[in-house]
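Written below as structure tokens is the structure these notes are about.
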Amino acid sequence: MAARMEEHKDNDSSFNCEDAGLLNDSGRKGRVEHHVLGYYRRVHEALQDGFQETHEQEMFLENVFKQTEEQEVKLCQNQTISRILEEILPLGKSSQILTFFKGLLSDSETIMYDRFGAHVLQTTMMLSLEFAAKQDEADAFNGLLLNLSQSVRDQLESVVMDTYASHVLRTLLQVFGGLQVAEKVTRSKLSREQQQRDLIQETRVILENRPETYQKEFLLLQSELMKSKQLEEYIGSPSACPVLAVLLLVLQKNDKDSCRKVCRKLIKKCELKQAPSPDSKRTLPDAVVNPISSHLIETIIEVASDDILKDLTETCFNGLLLKLAKTPVANFILQRLIAKTVQSESMDQIMTELTKGFHKILAANNTGVLLQLAETCFLFPALQETFVKSLLEALKGFTPEERQLKAIILIGSLQSFEVLFPSEDDENSNSATGEVKPKGIEVKLHGSLLLQSLLKFQNKRIVVNGFMALSTEELKTIICQPAGSYLLEHFMSNERIKDKKKEQLINTMKNDLFSICCDKSGSRAMESVFKMSSIKMKTIIAELLAKKETQLHSDRFGCFMHRTCQLSQFKHRRNAWTSIMTKDDKKRKLFADLIGEAPKDTIGRWVTGRNKRTAAIMKDHLRKKCG
């Protein structure tokens, strides 16, 4: 490492950005010579390799920052170099960041409108806030931030509507608010996907006690935004709409009264309140069905007080809830509204309007609405039976009563009884039993999550009976699917289901237990089930698998179950195995007593990366529900 440091010094002793051709005459913005680009690529490689000593890294960074002096804007306009600088900046000292920030603001208008430079400026601004919070050259950083804010306010309408400059304004609002909001709001989808670090998922406070200058500057930005004659245009703009969302999120943390006023003004501008008319003639407001402004309405619901939520449910959307549920864009607004509902009167109205149209929601494939409704019904036990009945009626599985035994298949696949159990002349039917072939069962993500939610209801009789009625082939087919495997885990971990029922389910699959454990999804599910089972249940599972221990050990997925069950120990040293498993069982119970049940874990783990928007809504609600 020391040799590499000396080599780097030698190479840099004669290196100068301007002499090397950074300021070329080609006229192409962000264009640099190959050896300049090569230098920063070597810098990136050196940082990736790491340093053995801290002082080596400090010397290295000091040299790199020295090379950027007076060339900050030009360097940040290059795509590759801008990304490298974003990685370097968090490693710098306050004095180095301060010098770099001054260099950027030497041409603030160019940098904040630049496609790549705007990102570097945002990173520098957030670092400035963190240094200011530590009282590390706070006055100098505050002065630069105020100067930048003045420049932004002087050309606010242009900044708000610009794709890149609007991001700078979003960051300014966060800085003067003393916090950082979730990056799903501040960054575009493309930007989030390109990040090679963990994203900020929730609002985090950086500066507890904001200086008076920050508060005044934030009020100035807020005032000019809300008084703008183009506010209605901002609501539907892909650049300006997130600025308003960030404003709301910051106000929610710092000034709830102002947040309430801004929410009401935006609701008025979105024209959510309509003149009274028959429900059949009412149409959804344009802002609700617009892919851009709908995100702002979701944010309004997220930060709204109880009185505003009640007004939205009982006035703005009264009679329109089913239309919201059927619309591709608007159904996400309804999901957010359901998740935030805490008043029983509002929830009764939502259930009354939606339950009669469950079949229409299923036909529109907006099953996230049903999922969120099920999660919220957990807080309203009186509505749980109505929800289950309405859901099965929509799937044609409530009457006659024997159809309820197919509840797991119907809800899991989100298909009606007629589709899954065709008439006798259909080639997929069994005329003797009237049952569909197992290969026709496909457990969908939302179907699995719905069943997981129903297992938390107080009266889970229909769901439990549905599990007990599954045939061996049906149970195997469900468990060996990614979404279906979590159903087994949730059923077996539910403490309100009797052990006798769990043993019966294991007994149902005993003939196929080996093949289930040799499946990718089945193996994962059975591992979880085994770890959470009682010593009696573990013994039953081990006895069934011990008959084919050798084959299980040699299978690519079965070997995991073989290791978890410790089958070799079970066959040859039963007493020692029992002792180990008993200790593990005691530790598990002790751990559960200390931390309690965490129902959101499995849901969060499964949803992440698949349906992120639904996951976010569910996690928000579950986090509040679980405290």
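For the sequence shown, this note's numbering assigns the number 28 to the initial residue and increments by one for each residue that follows. Don't be surprised by glycine CBs; every beta carbon is placed ideally from N, CA and C.
Out of curiosity, what's the CA-to-CA distance linking residue i and residue j?
{"i": "S498", "j": "I567", "result": "20 Å"}
{"i": "L432", "j": "E501", "result": "12 Å"}
{"i": "R488", "j": "A434", "result": "11 Å"}
{"i": "K120", "j": "K129", "result": "14 Å"}
{"i": "L234", "j": "E157", "result": "8 Å"}
{"i": "M608", "j": "E554", "result": "14 Å"}
{"i": "V63", "j": "L112", "result": "14 Å"}
{"i": "Q411", "j": "S512", "result": "24 Å"}
{"i": "L422", "j": "P355", "result": "21 Å"}
{"i": "N538", "j": "S440", "result": "24 Å"}
{"i": "Q399", "j": "G170", "result": "47 Å"}
{"i": "A496", "j": "S321", "result": "43 Å"}
{"i": "S285", "j": "V330", "result": "11 Å"}
{"i": "N281", "j": "F518", "result": "43 Å"}
{"i": "Q182", "j": "V369", "result": "42 Å"}
{"i": "D546", "j": "A209", "result": "38 Å"}
{"i": "L481", "j": "F425", "result": "15 Å"}
{"i": "N236", "j": "K161", "result": "12 Å"}
{"i": "E570", "j": "F484", "result": "33 Å"}
{"i": "V195", "j": "Q177", "result": "13 Å"}
{"i": "L148", "j": "V315", "result": "33 Å"}
{"i": "D611", "j": "S266", "result": "54 Å"}
Within a Cβ cutoff of 8 Å, which residues of the same chain sit near residue i, ignoring the five residues on either side of it in sequence?
{"i": "A352", "result": "N358, L361, L381, G384, K387, I388, A391, N393, V396"}
{"i": "E576", "result": "H589, L594, S595, K598"}
{"i": "I328", "result": "L336, L339, I360, R363, L364, K367"}
{"i": "R180", "result": "L247, L248, E251"}
{"i": "L572", "result": "L540, F541, C544, L579, M588, H589, C592, L594"}
{"i": "K56", "result": "Q104, D141"}
{"i": "S264", "result": "V187, M188, I319"}
{"i": "S373", "result": "L336, K337, T340, E341"}
Are the CB atoms of residue i and residue j nearer to each other than 9 Å?
{"i": "F541", "j": "K565", "result": "no"}
{"i": "R110", "j": "F143", "result": "yes"}
{"i": "S155", "j": "I115", "result": "no"}
{"i": "K558", "j": "E530", "result": "no"}
{"i": "L200", "j": "L258", "result": "no"}
{"i": "Y66", "j": "M139", "result": "no"}
{"i": "D313", "j": "E325", "result": "no"}
{"i": "V470", "j": "A510", "result": "yes"}
{"i": "R430", "j": "L418", "result": "no"}
{"i": "M378", "j": "T413", "result": "yes"}
{"i": "L323", "j": "I227", "result": "no"}
{"i": "L311", "j": "L347", "result": "yes"}
{"i": "I524", "j": "L477", "result": "no"}
Here's a check: name, in chain order, each residue in its chain whose Cβ is nearer than 6 Å to the Cβ of residue i, leaving out the five neighbours to either side.
{"i": "S185", "result": "none"}
{"i": "F203", "result": "Y241, E244, F245"}
{"i": "F168", "result": "S155, F158, A159"}
{"i": "I506", "result": "S512, L515, I543, G549, A552"}
{"i": "A145", "result": "M139, Y191, H194, V195"}
Give the secondary structure of residue i by DSSP, where H, G and I count as helix, E and B as strand, and everything else as coil.
{"i": "Q207", "result": "strand"}
{"i": "V415", "result": "helix"}
{"i": "R69", "result": "helix"}
{"i": "R287", "result": "helix"}
{"i": "R231", "result": "strand"}
{"i": "Y513", "result": "helix"}
{"i": "T240", "result": "helix"}
{"i": "Q177", "result": "helix"}
{"i": "V63", "result": "helix"}
{"i": "R430", "result": "helix"}
{"i": "C297", "result": "coil"}
{"i": "P117", "result": "helix"}
{"i": "F425", "result": "coil"}
{"i": "N538", "result": "helix"}
{"i": "Q96", "result": "Reading the sequence as shown, one finds Glu at residue 96 and not Gln. Coil."}
Taking 8 Å as the cut-off, is the beta-carbon of residue i closer than that to any non-hydrogen atom of the ligand ATP?
{"i": "S185", "result": "In terms of ligand content, the structure shown is empty, and the ligand ATP therefore cannot be addressed."}
In chain order, what residues of the same chain lie with their CB nearer than 7 Å to the CB of residue i, ignoring the 5 residues before and after it?
{"i": "L173", "result": "T240, E244"}
{"i": "H580", "result": "C586, H589"}
{"i": "L206", "result": "T230, R231, V232, I233, V277, K280"}
{"i": "E96", "result": "T126, G130"}
{"i": "W604", "result": "Q593, Q596, F597"}
{"i": "N521", "result": "L482"}
Got a sec: is the Cβ-Cβ distance from residue i to anything in chain B below 9 Å?
{"i": "E239", "result": "Given the protein chain composition of this structure (a single chain), no chain B is represented."}
Does the segment 276–295 come close enough to the segment 245–253 that 3 or more CB-CB pairs lie under 8 Å?
yes
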